[in-house]
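Residue numbers (the working numbering): 21 to 573.
Built from N, CA and C at the ideal position, the CB exists for glycine as well.
Have a look at the structure below, then the notes.
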Amino acid sequence: MAHPLLERHRETLDAALDAIRTRGYWSAYPEMPSPKVYGESAMQDGKAAIDALRGKEFALEMPGRIGSVASESSPYGVDLSISYPESDPQALIDAGLAAMPAWQRIGADGRAGICLEALHRINQRSFEIAHAVMLTTGQGWMMAFQAGGPHAQDRGLEAVAYAWREMSFVPGEAIWEKPQGKNPPLRMRKHFEIVGRGVALVIGCGTFPTWNTYPGLFAALATGNAVIVKPHENAILPAAISVKIVREVLAENGIDPNLVSLAVTTKRTTTQVLATHPAVKSVDFTGSNAFGKWLIENCRQAQVYAELAGVNNVIIESTDAYSAMLKNLAFTLALYSGQMCTTTQAIIVPAAGIETDQGHKSFDEVAADLGAALDGLLAKPEVATAILGAIQSSDTLGRIADAATLGEVVVASRRIEHAEFPGAEVRTPIILKCDAAAETAYMQERFGPISFVVRAESAAAAVALSERLVREHGALTVGLYSTRPEIVDAVTAATCRSKVALSINLTGAVYVNQSAAFSDYHATGGNPAATTCYADAAFVASRFLVVQRRYHI
21 MAHPLLERHR ETLDAALDAI RTRGYWSAYP EMPSPKVYGE SAMQDGKAAI
71 DALRGKEFAL EMPGRIGSVA SESSPYGVDL SISYPESDPQ ALIDAGLAAM
121 PAWQRIGADG RAGICLEALH RINQRSFEIA HAVMLTTGQG WMMAFQAGGP
171 HAQDRGLEAV AYAWREMSFV PGEAIWEKPQ GKNPPLRMRK HFEIVGRGVA
221 LVIGCGTFPT WNTYPGLFAA LATGNAVIVK PHENAILPAA ISVKIVREVL
271 AENGIDPNLV SLAVTTKRTT TQVLATHPAV KSVDFTGSNA FGKWLIENCR
321 QAQVYAELAG VNNVIIESTD AYSAMLKNLA FTLALYSGQM CTTTQAIIVP
371 AAGIETDQGH KSFDEVAADL GAALDGLLAK PEVATAILGA IQSSDTLGRI
421 ADAATLGEVV VASRRIEHAE FPGAEVRTPI ILKCDAAAET AYMQERFGPI
471 SFVVRAESAA AAVALSERLV REHGALTVGL YSTRPEIVDA VTAATCRSKV
521 ALSINLTGAV YVNQSAAFSD YHATGGNPAA TTCYADAAFV ASRFLVVQRR
571 YHI
């Protein structure tokens with residue numbers, strides 16, 4: 021008989037399995053913060069729950085406690101002053117290993133059912149988590165709710181669906197019978213046990229602390245592993261709430277809650293100790309190239325699932341919807357102030373300009389018109405602050421300040437006052453233009469609202485430059501605007517060779533920096549920007565092993 025929680029959520033799991041097979045639109049969790057869906061008082065209750073945590077210690081019992089950490093600083097200027105328990109790394113590992121045998125015994129169905137229940141509980145607290153995401157990352161409210169809530173939950177569910185599917189291919193037992201001619205056949209009974217590889221470490225990022233954490237967390241958990249979540253030191257609260265919910269569901273179902281723990285630290289060395297521990301068999305990481313490469317080079321005992329930095333680019337060769345193209349690109353550059361791993365940085369335009377439905381446009385006109393579209397989008401402060409959010413890191417503020425020296429400024433970055441949060445660090449994007457030869461300017465990721473309109477010699481040179489950027493520096497997204505089938509075919513071939521996702525002629529309400537769970541494969545694992553994909557079979561299959569036993573019957 022299936023686990024009762026799997027039966028309770030069977031319809032959701034079946035729909036998710038169908039979605040990852042068909043790749044059409046489907047979402048388990050409503051993305052609009054509607055009172056009709058989440059409750060009339062959900063907004064107020066969620067905000068009140070976060071306000072009640074400010075200035076206090078977050079209630080979370082962790083093994084091996086050695087102190088407290090209160091490191092979060094809100095990009096909105098809000099005083100959080102929340103402290104979290106700091107634990108000895110070895111104690112977290114020991115506790116996770118001790119909890120794994122019982123987790124293994126409940127089987128794939130039980131693990132999937134508990135994960136589905138945990139995601140359901142997390143969804144019920146989406147407003148609370150959204151406020152936590154907003155205040156710690158600087159995301160605007162709507163993005164914090166959608167990307168930090170339902171969209172992140174969808175990515176977690178996607179990982180559970182892939183994990184259950186892969187585990188379901190393994191039978192629990194089989195009768196093996198080999199004919200022996202005139203002699204009696206050889207007969208054996210064989211049992212196949214799915215076991216987790218060990219402890220999983222999930223290292224969160226400061227900009228998307230749930231969206232980039234839930235896939236690894238639930239992929240590792242569903243496949244039988246203990247999980248240690250190590251959040252970014254400035255975005256602990258969303259992870260802490262999520263971990264607490266998972267632990268509550270585990271305890272209610274007779275599983276030691278220390279199967280999932282929170283590792284809070286401000287010391288990189290502590291994270292390194294955890295990541296290289298012999299018991300840690302998988303590491304999920306989103307963040308800088310420097311630390312990501314260190315993990316890949318030093319975590320020899322573990323599989324590293326890393327999403328790193330890249331130079332996302334768009335080629336503009338021609339368009340039959342010039343105004344719509346500019347609006348789409350402007351929103352792409354402005355959304356969350358470009359603090360997304362999928363945001364376009366290099367916009368490659370042939371030196372001779374482009375053909376459009378409004379006539380020929382020179383290179384300089386394309387750059388200027390894009391700047392004008394951005395200014396128009398952000399003309400009203402209340403609209404601008406909702407789209408831009410706030411700058412999460414002082415390092416990003418520094419990059420913005422230094423960016424004007426990197427090329428000819430098309431649109432300068434400016435500070436916008438936030439009506440609700442006077443201390444918010446809100447900046448508009450800076451757009452520069454440069455020649456393709458100015459590689460030191462644009463041919464490295466400059467995280468934040470910094471982009472370049474790059475002058476290529478020709479359309480063919482633009483295609484070649486795009487492919488080279490992906491091959492050498494990595495990218496999660498490439499975009500193309502062209503009315504010519506031969507150019508579309510050339511870029512399609514180039515992106516297949518360089519192994520990066522391509523968006524063609526986006527002019528509506530879908531943007532190159534958006535990625536939909538169950539339909540879009542986020543990253544490929546095939547270029548320097550990432551070693552993995554959210555999500556596919558490879559994202560889950562190596563997180564568990566099959567141990568068999570056999571005997572004659």
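Neighbourhood of residue i by C-beta distance below 6 Å, restricted to the same chain and skipping five residues each side
i                 : result
alanine 68        : none
phenylalanine 165 : Pro53, Ala150
arginine 267      : Pro277, Val280
alanine 461       : Leu426, Gly427, Cys454
arginine 419      : Arg466, Gly468
Identity of the residue in the options nearest residue i by Cα
i                 : options                        : result
aspartate 556     : Ser343, Gly358, Arg175         : Arg175
serine 262        : Ala354, Glu137, Ala72, Tyr356  : Glu137
isoleucine 316    : Met463, Pro548, Thr512, Lys381 : Pro548
glycine 216       : Pro204, Ala242, Val98, Leu294  : Ala242
leucine 117       : Ala392, Val300, Val490         : Val300
glycine 130       : Lys313, Ala22, Lys210          : Ala22
valine 284        : Leu270, His252, Ser302, Ser343 : His252
glycine 409       : Asp65, Tyr45, Ala372, Met163   : Met163
serine 414        : Val446, Met345, Val222, Gly201 : Val446
aspartate 384     : Gly373, Gln534, Gln378, Ala561 : Gly373
phenylalanine 467 : Val498, Tyr501, Ser93, Ile411  : Ile411
valine 483        : Thr512, Gln464, Glu459, Thr503 : Thr512
proline 505       : Arg517, Val520, Val498, Ile524 : Ile524
glutamine 568     : Arg209, Glu186, Gly127         : Arg209
threonine 336     : Val57, Phe212, Val386, Trp46   : Rather than threonine, the amino acid found at residue 336 in this sequence is isoleucine. Here the closest residue by C-alpha is Val386.
isoleucine 126    : Leu26, Ala194, Gly75, Pro50    : Leu26
Bridge partner(s) assigned by DSSP for residue i
i              : result
valine 222     : Val249, Asp304
lysine 381     : Ile374
cysteine 454   : Val474
tyrosine 501   : Ile336
lysine 210     : Ala194, Arg570
leucine 565    : Val215
glycine 87     : Glu106
valine 429     : Leu452
alanine 72     : Bridge partners of alanine 72: none, in fact.
lysine 254     : Reading the sequence as shown, one finds asparagine at residue 254 and not lysine. Partner(s): none; asparagine 254 has no beta bridge.
tyrosine 325   : Asp304
histidine 542  : Tyr554
asparagine 547 : Ala550
serine 281     : Ile248
Integer Cβ distance of residue i from residue j, believed to fall under 8 Å
i                 : j                 : result
histidine 572     : arginine 207      : 7 Å
leucine 394       : valine 431        : 6 Å
isoleucine 214    : valine 566        : 6 Å
alanine 36        : alanine 48        : 7 Å
tyrosine 96       : asparagine 348    : With a Cβ gap of about 28 Å, tyrosine 96 and asparagine 348 do not count as contacting.
valine 303        : alanine 322       : 5 Å
tryptophan 184    : alanine 132       : 4 Å
phenylalanine 559 : tyrosine 182      : 6 Å
valine 249        : leucine 270       : That pair is no contact at about 13 Å.
asparagine 318    : threonine 296     : 6 Å
glutamate 178     : phenylalanine 564 : 17 Å between Cβ atoms; not a contact.
proline 109       : leucine 294       : 5 Å
Sequence-distant residues of its chain with Cβ nearer than 8 Å to residue i (five each side left out)
i             : result
serine 88     : Glu77, Ser103, Tyr104, Pro105, Glu106
alanine 439   : Pro401, Glu402, Thr405
alanine 456   : Ile368, Val474, Arg475, Ala476, Glu477, Ala481, Leu485
aspartate 340 : Thr376, Asp377, Thr503
proline 298   : Gln321
glutamine 14  : It is not possible to answer for residue 14, since the shown part of the chain is limited to 21 through 573.
Chain-order list of residues whose beta-carbon lies under 7 Å from that of residue i (same chain, five-residue window excluded)
i             : result
glycine 169   : Ser146, Ile149, Ala150
valine 153    : Gln159, Ala164, Gly168, Pro229, Thr230, Pro258
glycine 443   : Tyr96, Gly97
serine 382    : Gly373
glutamate 186 : Ala557, Val560, Ala561
leucine 526   : Asn348, Gly499, Val532
### Task
Decide yes or no for the touch test of the segment 321 to 331 against the segment 478 to 495: beta carbon pairs closer than 8 Å, at least 3 of them.
yes
### Query
Should the segment 256 to 272 be called in touch with the segment 229 to 244, which here means at least 3 C-beta pairs below 8 Å?
yes
### At least three beta-carbon pairs within less than 8 Å, the segment 156 to 163 to the segment 350 to 365
yes
### Message
Tell me whether the segment 36 to 44 and the segment 57 to 75 touch, counting them as touching only if at least three CB pairs, one residue from each stretch, are closer than 8 Å.
### Response
no
### Query
Is the number of C-beta pairs between the segment 364 to 376 and the segment 462 to 475 that are closer than 8 Å three or more?
yes
### Query
Are the segment 125 to 137 and the segment 26 to 38 in contact at 8 Å, needing three or more beta carbon pairs?
yes
### Query
Using 8 Å as the Cβ pair cut-off and three pairs as the minimum, do the segment 478 to 489 and the segment 434 to 452 touch?
no
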